[in-house]
Structure formats: C-alpha cells, structure tokens
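Undergrad: Residue numbers (the working numbering), protein chains in the order written: chain A, 16 to 155; chain B, 47 to 144.
By construction, the Cβ of each residue, glycine as well, lies at the ideal position given by its N, Cα and C atoms.
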Amino acid sequence: MFVKLVQQPTDSTFDSLISDLFGDRVSSPSLQHAADIPVNIQEHSDRYEIAAEVPGVKKEDLRITVENGILAISGQRAPVVEGAKAKVLHSEISTGRFARSFVIPRDVDAAKLDAHLSGGILTLTLPKSEAALPREISVK
Amino acid sequence: MIVPAVSIYEMPDAFLVAADMPGAEKGSIQVRAESGALSIRAKVSRSGEDVRVYSRRFVLTDGIDYNKSEAEFTDGVLTVRLPKTAEVRARDIPVQGE
Numbered sequence: 016m017f018v019k020l021v022q023q024p025t026d027s028t029f030d031s032l033i034s035d036l037f038g039d040r041v042s043s044p045s046l047q048h049a050a051d052i053p054v055n056i057q058e059h060s061d062r063y064e065i066a067a068e069v070p071g072v073k074k075e076d077l078r079i080t081v082e083n084g085i086l087a088i089s090g091q092r093a094p095v096v097e098g099a100k101a102k103v104l105h106s107e108i109s110t111g112r113f114a115r116s117f118v119i120p121r122d123v124d125a126a127k128l129d130a131h132l133s134g135g136i137l138t139l140t141l142p143k144s145e146a147a148l149p150r151e152i153s154v155k
Numbered sequence: 047m048i049v050p051a052v053s054i055y056e057m058p059d060a061f062l063v064a065a066d067m068p069g070a071e072k073g074s075i076q077v078r079a080e081s082g083a084l085s086i087r088a089k090v091s092r093s094g095e096d097v098r099v100y101s102r103r104f105v106l107t108d109g110i111d112y113n114k115s116e117a118e119f120t121d122g123v124l125t126v127r128l129p130k131t132a133e134v135r136a137r138d139i140p141v142q143g144e
C-alpha cells in the first residue's frame, strides 16, 4: 500500500530551529541526483550529535567534509545483491548516491569534529568550543 | 514501531530478504518462520531516545527449506537467505532426441 505524503508547513518552530542551527544547504549541482538520508540532531551541554541512517554503506564509501562552515556527508550504497541471476521481487531499499549538508553552528569547534560508523548509523560529534560551554561565575 | 524498508530477491536456488534496520541491537534481532510466514523484529535503543522496535511480517511461498535458512546482520542490514527445496529449485532439463 502506498500513501502519498502530505506536504508539511515549512514555517513551524521546529523547522526554523533546524534551519537556524543546521540549515540544510542547497546541494551543489554535482549532488543534485543524490538522495536524502534521515538524520536526528541532538544538543547536549558540551556538544551536538548528528545521527544519520546509512544502512548498507561501507566506511570506505562515505565522505565527510568541513568547508567554509558547511558540514557535508556524501557517499554511495552498493546494490544489495550483485549479479544478473537475482530477480527483484520487491524493492524498497534504494541504492546509489546520497548526500546531505548542514551549516555548522557558530559555537562548534569544527577542528574537533568526530565521525563514527556502527550498525548502519553514522554518528557525528560536534563539540562546542570552550568559550561556548556553560560556566558559573563566582561572586566576589 | 518502525516498518523497515525491505527488498526481496529470487535466485535460482534461494530467496533473499534484505531489511534496513539501522541502529538495531544485534542481540535483540528475532527472525522467525512460522506457519508459512516470516517475521523479523529488532530493538533500537539510542541514548536520549525511547526504545523503538522494527517489525515486519511476510507470507512465504511453498518450497522453502527452513532448516537451511540463515540470517546475517551487517552494516545495519538484516539479510535472510531462504533456500528453495530441491523440488522447486530451477534446473535445466536436458533435451532428449536425435
């Protein structure tokens, strides 16, 4: 059964929060045919965490770049079954190229970015810079 | 409950079911073939989020050798291989005659 997605209003608080912090960049022409990947973004006191679902993708087929304040994830997924002898009976898994990019929030120390791939989830950790960390000021 | 994306392939000697289950805990994965149906199930627990469950069920064709079926979880993808029984396996039939 296929259900058509209803267009969501784009001016909700949540959407504007996302675009303020991590606004999706317009893809460059070379990435126009790349599919989106679902991501979750969490803010912690000392870092942001982006968890992207990339099932079936090998570490060597992933590319993560930081340039001019933009964090870009791209890569490709190989076909599930190789070879002409397999007949596709049902297909929901899409393979091929994917890409997504984000504006890095100002309070992130981009030099300390860390990426980890496990069980089909790519976790990017963006530590906040020292100056942005919450601190208590003692009264003299 | 999350419905995982699934692709199904037919090979000459087996069917292959692939299901995207990123973040599933390997130890929680259940693959069960029962009265003509295959069900797959797994738990996802990520820090700061509620535990969620992947679940899906398929009706199977006849002619599957369940004793030789096997499942594997790699890079967030569950693949279940369901070999065909000897009776339904594709084979070439030699042409007799002169």
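Quick one: residues in its chain with C-beta nearer than 6 Å to the C-beta of residue 118(B), no 5 flanking neighbours on either side, listed in chain order?
TA: Excluding sequence neighbours, residue 118(B) sits near 125.
Undergrad: Look at the alpha carbon of residue 77(B) and the alpha carbon of residue 58(B), and state the distance between them as a whole number of angstroms.
TA: Rounded to whole angstroms, residue 77(B) to residue 58(B) spans 23 Å at the Cα level.
Undergrad: Any chance the segment 126-135 of chain A sits against the segment 103-117 of chain A, with 3 or more Cβ pairs inside 8 Å?
TA: Cβ pair count under 8 Å is below three, so no.
Undergrad: Counting along the chain, where does the beta strand (DSSP E) carrying residue 90(A) start and finish?
TA: Counting along the chain, the beta strand (DSSP E) containing residue 90(A) begins and ends at 85-92.
Undergrad: By a C-beta neighbour count over all protein chains shown, 10 Å radius and 16 as the cutoff for buried, is residue 50(B) buried or exposed?
TA: So residue 50(B) counts as buried.
Undergrad: Would you please verify whether the beta carbon of residue 149(A) is less than 8 Å from any beta carbon of chain B?
TA: False, the Cβ-Cβ gap to chain B never drops below 8 Å.
Undergrad: Can you tell me the Cα-Cα spacing of residue 54(B) and residue 135(A), whole angstroms?
TA: Straight-line Cα distance between these residues: approximately 19 Å.
Undergrad: Find out if the Cβ-Cβ distance for the pair residue 86(A), residue 119(A) is shorter than 8 Å.
TA: Their beta carbons are under 8 Å apart, which means residue 86(A) touches residue 119(A) by this criterion.
Undergrad: So is residue 62(B) in contact with chain A if we call contact Cβ pairs under 8 Å?
TA: Yes, residue 62(B) counts as interfacial toward chain A.
Undergrad: For residue 89(B), which of helix, strand or coil comes out of DSSP?
TA: Strand, per DSSP.
Undergrad: Is it true that the CB of residue 121(B) sits closer than 8 Å to the CB of residue 73(A)?
TA: Yes, the Cβ-Cβ distance between residue 73(A) and residue 121(B) is below 8 Å.
Undergrad: Which two residues bound the contiguous beta strand (DSSP E) that contains residue 58(A)?
TA: Segment 54-58, the beta strand (DSSP E) holding residue 58(A).
Undergrad: Measuring straight from C-alpha to C-alpha, what distance separates residue 59(A) and residue 52(A)?
TA: Between residue 59(A) and residue 52(A), the C-alpha separation is close to 22 Å.
Undergrad: Considering only C-alpha positions, which residue in the set 155(A), 97(A) and 138(A) is nearest to residue 56(A)?
TA: Out of 155(A), 97(A) and 138(A), 138(A) has the C-alpha closest to the C-alpha of residue 56(A).
Undergrad: Between residue 87(B) and residue 134(B), what straight-line distance do the alpha-carbon atoms span, to the nearest angstrom?
TA: Looking at the two C-alpha atoms, the distance is approximately 28 Å.
Undergrad: Taking residue 70(A) as the query, report the chain B residues whose CB atoms sit under 8 Å from its CB, ordered along the chain.
TA: Within 8 Å Cβ-Cβ: 66, 67, 68, 121, 122 and 123.
Undergrad: Taking C-alpha atoms, which residue in 61(A), 50(A), 65(A) and 49(A) lies nearest to residue 150(A)?
TA: Looking at the Cα atoms, 61(A) is the closest of the given residues.
Undergrad: Tell me where the beta strand (DSSP E) around residue 102(A) begins and ends.
TA: Residues 102-106.
Undergrad: For residue 73(A), decide whether its Cβ has a neighbour in chain B, counting only Cβ atoms nearer than 8 Å.
TA: Closer than 8 Å: yes.
Undergrad: In the segment 104-115 of chain A, which residues sit with their C-beta less than 7 Å from some C-beta in chain B, listed in chain order?
TA: Against chain B - using a Cβ distance shorter than 7 Å - the residues of the segment 104-115 of chain A are 104, 105, 106, 107 and 108.
Undergrad: In whole angstroms, give me the CA-to-CA distance for residue 81(A) and residue 131(B).
TA: Going by the C-alpha atoms only, they are around 52 Å apart.
Undergrad: So the candidates are 65(A), 54(A) and 69(A); which of them puts its Cα closest to the Cα of residue 108(A)?
TA: That would be 69(A), whose Cα lies nearest to the Cα of residue 108(A).
Undergrad: Determine, using beta carbons only, whether residue 95(A) comes closer than 8 Å to chain B.
TA: Taking Cβ atoms only, chain B reaches closer than 8 Å to residue 95(A), which makes this a yes.
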